[in-house]
Each structure stands twice: as structure tokens, then as C-alpha cells.
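Everything on this sheet refers to the single structure shown next.
Number of protein chains: 2
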Amino acid sequence: MSPPLFIHFLFTDLLPAMDGDTKTMTFLQEVVDILMAYIVESFDRETKVIDFHYPNELLQMNNWELQDEPATLDDILISCRATLKYAIKTAHPRYFNQLSTGLDMVGLAADWLTSTANTNMFTYEVAPVFVLLEYVTLKKMREIIGWPDGRGDGIFSPGGAISNMYAMLLARFKMFPEVKEKGMSSVPRLVAFTSEHSHFSIKKGAAALGIGTESVICIKVDESGKMIPADLERRILEAKQKGFVPFFVSATAGTTVYGAFDPLIAISDVCKKYNVWMHVDGAWGGSLLMSRRHRWKLDGVDRANSVTWNPHKMMSVPLQCSALLVREEGLMQNCNQMHACYLFQQDKHYDLSYDTGDKALQCGRHVDIFKLWLMWRAKVKKSYHANLLSCGYFAIGFCPQHTNVCFWYLPPGIRYMEDKEERKKHLHKVAPVIKARMMEYGTTMVSYQPQGDKVNFFRMVISNPAATFEDIDFLIEEIERLGQDL
Amino acid sequence: MSPPLFIHFLFTDLLPAMDGDTKTMTFLQEVVDILMAYIVESFDRETKVIDFHYPNELLQMNNWELQDEPATLDDILISCRATLKYAIKTAHPRYFNQLSTGLDMVGLAADWLTSTANTNMFTYEVAPVFVLLEYVTLKKMREIIGWPDGRGDGIFSPGGAISNMYAMLLARFKMFPEVKEKGMSSVPRLVAFTSEHSHFSIKKGAAALGIGTESVICIKVDESGKMIPADLERRILEAKQKGFVPFFVSATAGTTVYGAFDPLIAISDVCKKYNVWMHVDGAWGGSLLMSRRHRWKLDGVDRANSVTWNPHKMMSVPLQCSALLVREEGLMQNCNQMHACYLFQQDKHYDLSYDTGDKALQCGRHVDIFKLWLMWRAKVKKSYHANLLSCGYFAIGFCPQHTNVCFWYLPPGIRYMEDKEERKKHLHKVAPVIKARMMEYGTTMVSYQPQGDKVNFFRMVISNPAATFEDIDFLIEEIERLGQDL
Numbered sequence: 001m002s003p004p005l006f007i008h009f010l011f012t013d014l015l016p017a018m019d020g021d022t023k024t025m026t027f028l029q030e031v032v033d034i035l036m037a038y039i040v041e042s043f044d045r046e047t048k049v050i051d052f053h054y055p056n057e058l059l060q061m062n063n064w065e066l067q068d069e070p071a072t073l074d075d076i077l078i079s080c081r082a083t084l085k086y087a088i089k090t091a092h093p094r095y096f097n098q099l100s101t102g103l104d105m106v107g108l109a110a111d112w113l114t115s116t117a118n119t120n121m122f123t124y125e126v127a128p129v130f131v132l133l134e135y136v137t138l139k140k141m142r143e144i145i146g147w148p149d150g151r152g153d154g155i156f157s158p159g160g161a162i163s164n165m166y167a168m169l170l171a172r173f174k175m176f177p178e179v180k181e182k183g184m185s186s187v188p189r190l191v192a193f194t195s196e197h198s199h200f201s202i203k204k205g206a207a208a209l210g211i212g213t214e215s216v217i218c219i220k221v222d223e224s225g226k227m228i229p230a231d232l233e234r235r236i237l238e239a240k241q242k243g244f245v246p247f248f249v250s251a252t253a254g255t256t257v258y259g260a261f262d263p264l265i266a267i268s269d270v271c272k273k274y275n276v277w278m279h280v281d282g283a284w285g286g287s288l289l290m291s292r293r294h295r296w297k298l299d300g301v302d303r304a305n306s307v308t309w310n311p312h313k314m315m316s317v318p319l320q321c322s323a324l325l326v327r328e329e330g331l332m333q334n335c336n337q338m339h340a341c342y343l344f345q346q347d348k349h350y351d352l353s354y355d356t357g358d359k360a361l362q363c364g365r366h367v368d369i370f371k372l373w374l375m376w377r378a379k380v381k382k383s384y385h386a387n388l389l390s391c392g393y394f395a396i397g398f399c400p401q402h403t404n405v406c407f408w409y410l411p412p413g414i415r416y417m418e419d420k421e422e423r424k425k426h427l428h429k430v431a432p433v434i435k436a437r438m439m440e441y442g443t444t445m446v447s448y449q450p451q452g453d454k455v456n457f458f459r460m461v462i463s464n465p466a467a468t469f470e471d472i473d474f475l476i477e478e479i480e481r482l483g484q485d486l
Numbered sequence: 487m488s489p490p491l492f493i494h495f496l497f498t499d500l501l502p503a504m505d506g507d508t509k510t511m512t513f514l515q516e517v518v519d520i521l522m523a524y525i526v527e528s529f530d531r532e533t534k535v536i537d538f539h540y541p542n543e544l545l546q547m548n549n550w551e552l553q554d555e556p557a558t559l560d561d562i563l564i565s566c567r568a569t570l571k572y573a574i575k576t577a578h579p580r581y582f583n584q585l586s587t588g589l590d591m592v593g594l595a596a597d598w599l600t601s602t603a604n605t606n607m608f609t610y611e612v613a614p615v616f617v618l619l620e621y622v623t624l625k626k627m628r629e630i631i632g633w634p635d636g637r638g639d640g641i642f643s644p645g646g647a648i649s650n651m652y653a654m655l656l657a658r659f660k661m662f663p664e665v666k667e668k669g670m671s672s673v674p675r676l677v678a679f680t681s682e683h684s685h686f687s688i689k690k691g692a693a694a695l696g697i698g699t700e701s702v703i704c705i706k707v708d709e710s711g712k713m714i715p716a717d718l719e720r721r722i723l724e725a726k727q728k729g730f731v732p733f734f735v736s737a738t739a740g741t742t743v744y745g746a747f748d749p750l751i752a753i754s755d756v757c758k759k760y761n762v763w764m765h766v767d768g769a770w771g772g773s774l775l776m777s778r779r780h781r782w783k784l785d786g787v788d789r790a791n792s793v794t795w796n797p798h799k800m801m802s803v804p805l806q807c808s809a810l811l812v813r814e815e816g817l818m819q820n821c822n823q824m825h826a827c828y829l830f831q832q833d834k835h836y837d838l839s840y841d842t843g844d845k846a847l848q849c850g851r852h853v854d855i856f857k858l859w860l861m862w863r864a865k866v867k868k869s870y871h872a873n874l875l876s877c878g879y880f881a882i883g884f885c886p887q888h889t890n891v892c893f894w895y896l897p898p899g900i901r902y903m904e905d906k907e908e909r910k911k912h913l914h915k916v917a918p919v920i921k922a923r924m925m926e927y928g929t930t931m932v933s934y935q936p937q938g939d940k941v942n943f944f945r946m947v948i949s950n951p952a953a954t955f956e957d958i959d960f961l962i963e964e965i966e967r968l969g970q971d972l
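First to last, the protein sequences are chains A and B.
Sequence positions in the first sequence follow this note's numbering and run 1 to 486.
Sequence positions in the second sequence follow this note's numbering and run 487 to 972.
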């Protein structure tokens, strides 16, 4: 497969070795050839989505242990092939398992470049271009949100959960700046509000920030999964009566399971009335802001104090790419800065406002911007608009607002079961079995879960640009094929 | 430069487009050719480390703005070239600016593969191989720390600051598990301890977690920058007398500026005596555990409850790659889990202990393991041992314990200045001017900062495997050349 000479070569033959140029280029080209073959294969419907093995089996199937003898470059290439053999083909047109699916070629090229540039976002000094591109792109995103002249602040963080945590941190600091120095013992009991269908990261963030999960009040949703603003107001009043301080409301734009959009205008009215920070968790649905046809679902987002928006989901940017946008300028800096003098020297020769690292929780920060910027350049808003699908022809239970379609498959054996409880119990077991079979056959992948009193159902999401109507039909037929004996 | 036909092609011509294979491969190959040329150039000493421009200039030098018309693939390639033209060549043998320098070819290949696999660490379901490799590698790292049979827990997080924050979160939860639900109002006033030379992320973490920066007590260091255990004990007693609860000590193994190693055994005795969680921030120095010759500097690390270790620093793994290792099994899971039923279904068909996502603060988590695993395979512990340099022949003020060498350059104009205060004032301005000139010439880059009562000095670190003794000589000569008129 690879040039036989690699059998004798080691990493020490590569750059920075003297005269390592040719060997390095040959080695990297070999790797690229492996990756190219994988890419072409991934888009081929004749290929399996996954060659599944149970963890213990997979541990045996290759020598994954770390050895005492260095591997030759040939062994390294073999390891690359083995890793890809057992990987999930996330680019596959029939991979629907997560909110992030598909593989964009411009995004991939950008990510390869990012790895090659191998730098860190903390200062302009070490990442001049990437810092500027982050500046340009965050401004554009704020303009799209609708904040005047795109003013405000923001950061790319390691995922939506961290973006949401940032928002909570900022809200707390805005209301009680002394919390930074004095901690939670200096502030009254704070409470946050989010819908019962919101993402678990709100509670996770509250636990981490020392607020506690019990101080996250879950607001009721209607049958389509949207937060009920009247219930929000009721719970805020209730909390105030108890002497607690409401400081944070997280509305969800595109819930994880149903894809529901909370009514932002009504929620913003409540937030304004009680002077509470309004956050919009648009990790999943934020990308609809790029669509003329669908952006009305986020009407009112410009009233938010902060917005999470993950281009690595619906916009198909390679993982990870999550932005937190903040309306107030300077707040992130004040909230998080620690003035490390070895990094953020104040006597540098350039405009220090480009040293954005001190507003982050992280010190080093991975470059997540370039892939988004390059893809945006290739696609522009217009093309994103055209790509954002809407399809809702086999939903059960409610009218879908996003590309989430939630449904049960009813196998023949339970279709006419009379005992409703018995039927429910049986139905709960159907999706897990079908999913397991799906993975063993490796033909397609889709997610399932229960929600509230609803037993296990499939959640089909479309964010994979490679998927066609035929692939969706395939999924339905495959579910039937794998589940008809249940 | 690129095939002229790309002038007419758009991203829509690439996969998943019908018959997009050939165009995709040609496009990606063009990108790879650009990257290969950049790599070879980066290692060439005739090339500048940076083609520096001030932010406002750089904004003008290329069209970085996001357009309304989609760029052709040819434009995309031009953007890639422009981005690299103005990037810092972090692989350059004369780039010494940060603790993370250099570019490893096996690590780069692994990072390209990671981008291509484009998946997420939250479940075995979507990242079977990477989850196993994380398991194998964390176990190996724990064995190297010295925990029996490599037992314990851990995670790869987005950088050392977040790893340290995890440690603090775990320490708090271990002592007061109710804090997860009830928040900080349910616990007494907690205090953490770390040396005055420790990394700013300890305070940043305390601010975020609601502990407050004032509850981080800075312990005195000796003249070489090591924490003084007697002062730690004194401050713990003082805190207890005030009714505060000491819960966390962060010892540093390799401080950022001096590269000092706190005396872990003596610190662990204090921690044991007062029943305080002992964390070792080995973000910078942890990699010395791979070295037979230098690992004594971390003697006592096996007594720690948690250890931060960043392979993206001294081990040259591409950014980002930071591990938190934890001695107690199960604690991370209990501390952070939220049981999201759409992701961590309990009725899956495989061993659920491999679904590690719920122990993270993040939901989605970038794959940072593969590059470390592949590099480790190529190099093994032995080669790392040989690579970890020690050089200390031009330090000023103290004997270096790591590859940090801190020094002033005394320009002729101040060498014989008699007024000590005047001299200090002048000397403080020397390093920033030399650094600015260095960047404008683009010949080399090294960091500077003040520390305590010491005015601005250079901090030379060697983590770049491409650097030779000649490159270090070059730096010294260049400093002299650029600073002799000051």
C-alpha cells in the first residue's frame, strides 16, 4: 500500500530532520491518500455507515495498546487505516444520528489548514489572521442577530454547553460584579429559568458555577415543546416571593429533541419586566438566522443579552465551532480577565484590544474560526438559506418547527394491542432494538430517546447536506425491515 | 497556481455533489500542496517567523470581510494562501514565543485524520475508536503518574485552564457533594491555595465556580519560584482559624515563567495532615514524567488527587491536547452527570461505561486524543526521554529546573548606570522594544514579562524540537543586534 521504504523509517526521519523534506512530503501524501479514499468511500451509499464492534471486541481487533518500541512510519500508516476502518462515517448520506452530521469539503480543507498553522487564539501576537477573522465573523453574526451595527462582544468556545455556561457566568457578574472576588457567599440565592425541554447544559453550568441544579427552575412547555411564557412569569414571581433573585432566563431556539422554538418576544417581555438576563440557546436552531424563510422562528432574538449559536450543527462546519454572542461590550473582559502579565503584556507595540484571550475562561484556545470563515466565504448567506431544509411529512404528535421529526415505529405485533399500558411498555423497547440492529448491519444511524411521558421514539434530524429524500425513505424502510418481527 | 478550471467552480461542485469525486480530490490536493509548501518553508531558517503587520494594516491587506457573493474554489485557495502568508510559522526553529511551539509531522497527520473523521467524543456510539484510545492512553498516563495499575479516571479537556477548573470542581464536590444541587449557599466558605507564581487559571476557575478570587490564597515562593510548604501550612491554619474550609491545594509542576517545580512530597504531607485535595498543575512540566532523567522533579505526584498534564506543550502534540487525571474512580461521573436521555440512553446494546460524555462539563467534545496516541506510538516513552532537553547555560538569578531560562539583556547604555532605580526603569522598557523589533524583522520570537519586583525580562523556553543550539545562539545575537542602541 505505502512505499516499502517506510518499513524502515521512523518519525526521526521526518522534519525537522536534516533533508527530511522529501520523506515528510511522501509520508504526508500517503496519509492524504488514505484520507481521500476514506472521504470518497464515506459518500458512497454502497458503503456501511459503521463497521460496528462491541468495545471488548474492538479492543481485541487491533493492537491499540501503547508499545515500548517506536512504530515505523509504515506502522503509523497502518494505524491510520485501522482507525478509519472502525470509525463512524459521519459524512455518510445515511448518518442521521446527531445534530452534527455530514462533512463539508471546504470546512475540511480549512481544518487541515488550521492544524498546519497550529497556533493559539489567546493573542494577536501568535494568531494575527485568525484573531482578525474571529473579529470579522463575530461582528457579522451580531449583525444577523440584529444588534445595532453588529456591536457587542463574543467568543468561539469549545461547544454549546460551554457557551451556555459563559452566558450564565456573565449574567451573574452583570447583576453582582462582586461575585468575581467574593464568590457566591456574597450574593443572595440566585435562580435561573429554562424550559423543561431545554438542554442539560443549563443545569450542568449551574452545578459548576456554584449555583446548584435546584436553582434552575424548569418552565412548562406546550404540546409542541415551546416554553409557556405565562408559566415563566408565574415561576419568577414565586421565586421572588421566596426571596430568591431571578438572574437568568435561557430560552431555547431549537430544542434538542423536538426542535421547538421558544417564543422569544413574549419571553423577552417577561425578562424586561423583571430585569432578568435573557439568553437564547440557539446551539441547534441559531443557524436559521441565515435563512430568509425560517428566521422568523427566532423573532425577538435581538432582544436577548446573549445568544449561543453553533455553526458546527446546522451549518455543517466541522466540529468544533460554537459561538457565544453578547450584546454588552466589555462585560466578558471584566468578568473573566486576570491580567496575566506573561501573556497580556500592556506594553506591547500593537492595539491590545485584539488580545482577546483574557476574556475567555480558557488560557490557550483552539482556532475554531477559520473553517467557519472559509465556508461562509464559499457559501455566503444566500446558499445557506437554500440549504436549510424544511420537511415535515411524517411527524407524529406535533407539527415540526425545525428539521427534527420525532416518531414511533409500530411493529405489527403491537399495532392492535388493546392494553394501553402493555402496549406502551412494549413500544418503549422497540426503538433500542431497531437501533442496535441498525448499528450491527451498519446501514444507517438515527437517534432515539424517551421524553416526559412519551416512551422511546426516534428523533430524525436533517443537518447532513449529503442526505436526499431517497436516503430518508431508506431510513424508514430500514426501520420497518429491522423492526417488523418485534 | 491552481488548475484554471477552479475559477468557475463553486463549493456546490464538490462532494456530496453527483460525480463530485474528482473535483473534490483535485481541490483537496491543491489545498494539501499549499500546506506542504508552507510546512517546508516553515522549517527553513531563511524564512521569516512572521510577516508582521499591525491589526489595522492587516485588515486592509486582504479582503477578509464576508461577502454577499460566493467565492469560487479558486478564491478559496487564494484565501488559504493569504491566511498562511500572514500566519506565525509556529514550526519555525526560531519560534520560542510560547510553551507550545513546533509542529510534529506525525501529530499533524493525526490531526488531519481527526478532522476527516469529524466526530464527537460524547459516546462510544459515534466515536468507538477514539473513545477506546482515550481509555488506553489515560490509563497509561495514570500508570506513569504511579497510581496502582493505572486505576482512576480522567478526561481530555480544552486546555490546561479547563483541566485545572475540573480539578477544583471535583475537590469541592468530593468534600461537599450537596453543592451540585444546592450550590455554594449550602457550604461553608471554601478556600484554595496555590503559589504566587502559579498559573492565573486557578483564580479564573475560582471566579467561575462561585468561590471567588479572594478565596484563593497565594503561597510564598523561594527565590527559584517553588512554593514554600511551611508558608502553605501557616496559611491553611490561618484560614481554619477564621472558620474557612481549606479544600484545594494546587501545586505547580513547571511554573509558566520560571519553570519551577513545587516540592510535591512536602506539599502532600501538608494536604494529608489537613485533609485537603491535592492537585498538581503539570500543564507545562507534567511531560517530564516521560523522562527517566527528569521525572524526579515530580516526585510525590502519585500522592496527588488530580493532575493536569498538557501533551500539547513539551510533548509537541498539536494544539489542543490537555489531560486531567483523577485518582478516584467514579467521582467525575457523579460530579458532572445530568443523565441526558437523548444522548446517554441506558438501554443501549453495548457496555455503557464507554459513554464518557456525561462526566464532562461539555456536551460535544472535540477529539483531542488521536494525535497524542499516534505520536506516542511513533515515539514511545524512550524517544520522549531523549527529546526532553535540559539546558541552563545563560540563566540569570536562579538555577533553572526546566527549559525556562529567564534573563535580561543589558544594552550598553545602561550597563554602567549608577542610579539603581533609574536603571531598573530603563531596563523595564528594553525587552518590549526588542520584542517589537523582533516581530517587525520577523526573525525570531521570544516572550517577556515582569514578575514580582523583577522588571521585564525575557523568558526563553525550549519545547520546539526543531530548535538547535545554533538557533539559541541566533536568538542571543539577535537580541543584541536589536537592542544595542537602547
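Backbone N, C-alpha and C fix where the C-beta goes; we use that ideal spot for every residue, glycine too.
Give me the chain A residues within the contact set of residue i, using Cβ-Cβ distance strictly less than 9 angstroms, ordered along the chain.
| i | result |
| --- | --- |
| K834/B | P432, K435 and A436 |
| M511/B | M36, I39 and V40 |
| T699/B | K180, E181, K182, G183 and M338 |
Residue i lies in the alpha helix (DSSP H); which residues open and close that run?
| i | result |
| --- | --- |
| F244/A | From DSSP, F244/A is part of no alpha helix (DSSP H); its letter is neither H nor E. |
| T137/A | P128 to I145 |
| L325/A | Careful: L325/A lies outside any alpha helix (DSSP H), inside the beta strand (DSSP E) at S322 to V326. |
| R423/A | K420 to Y441 |
Residue i versus chain B: which residues are under 9 angstroms apart at the beta carbon?
| i | result |
| --- | --- |
| D111/A | D597, W598, T600, S601, T602 and N604 |
Applying the 10 Å Cβ sphere with the 16-neighbour rule, what's the burial state of residue i?
| i | result |
| --- | --- |
| I472/A | buried |
| I751/B | exposed |
| G646/B | buried |
| E963/B | exposed |
| C877/B | Caution applies to C877/B, whose pLDDT of 35 falls short of 50 and renders its modelled position unreliable; the value that the coordinates give is listed next. That one is exposed. |
| N761/B | exposed |
| L968/B | buried |
| S287/A | buried |
| F11/A | buried |
| I7/A | exposed |
Which residues of chain B have a Cβ atom closer than 8 angstroms to the Cβ of residue i, listed in chain order?
| i | result |
| --- | --- |
| T403/A | Under the 8 angstroms cutoff, chain B gives no residues; its nearest Cβ is about 15 angstroms from T403/A. |
| R235/A | Ordered by position in chain B, no residue passes the 8 angstroms Cβ test against R235/A, which lies about 18 angstroms from the chain. |
| R459/A | Y828 |
Taking C-beta pairs closer than 7 angstroms, name the residues in chain B that residue i reaches, listed in chain order.
| i | result |
| --- | --- |
| T256/A | Y828 |
| S447/A | Y828 |
For the beta strand (DSSP E) holding residue i, just list the boundary residues, first then last.
| i | result |
| --- | --- |
| V216/A | V216 to I219 |
| M278/A | W277 to G282 |
| N456/A | K454 to M460 |
Figure out for me which residue from the options has the closest Cα to the Cα of residue i.
| i | options | result |
| --- | --- | --- |
| R172/A | M121/A, G225/A, F247/A and F11/A | F247/A |
| D767/B | D590/B, G786/B and K759/B | G786/B |
| V405/A | S100/A, A208/A and Y258/A | Y258/A |
| W296/A | A192/A, P55/A and A253/A | A253/A |
| P918/B | T576/B, E907/B, F943/B and G850/B | F943/B |
| R327/A | N310/A, G150/A and T255/A | G150/A |
Residue i versus chain A: which residues are under 8 angstroms apart at the beta carbon?
| i | result |
| --- | --- |
| N583/B | E125 and V126 |
| V707/B | Correct list: empty, because the minimum Cβ distance to chain A is about 15 angstroms. |
| S565/B | L374 and R377 |
By the criterion of Cβ-Cβ separation under 7 angstroms, what are the contact partners of residue i in chain A?
| i | result |
| --- | --- |
| P804/B | S115 and N118 |
| C757/B | Those do not exist, as C757/B stays about 22 angstroms from chain A at its closest Cβ, beyond 7 angstroms. |
Practice task
Determine, using beta-carbon pairs with one atom in the region 791 to 807 of chain B and one in the region 715 to 726 of chain B, whether at least three such pairs fall under 8 angstroms.
Solution key: Three or more Cβ pairs closer than 8 angstroms define a contact, and the region 791 to 807 of chain B falls short of that threshold against the region 715 to 726 of chain B.
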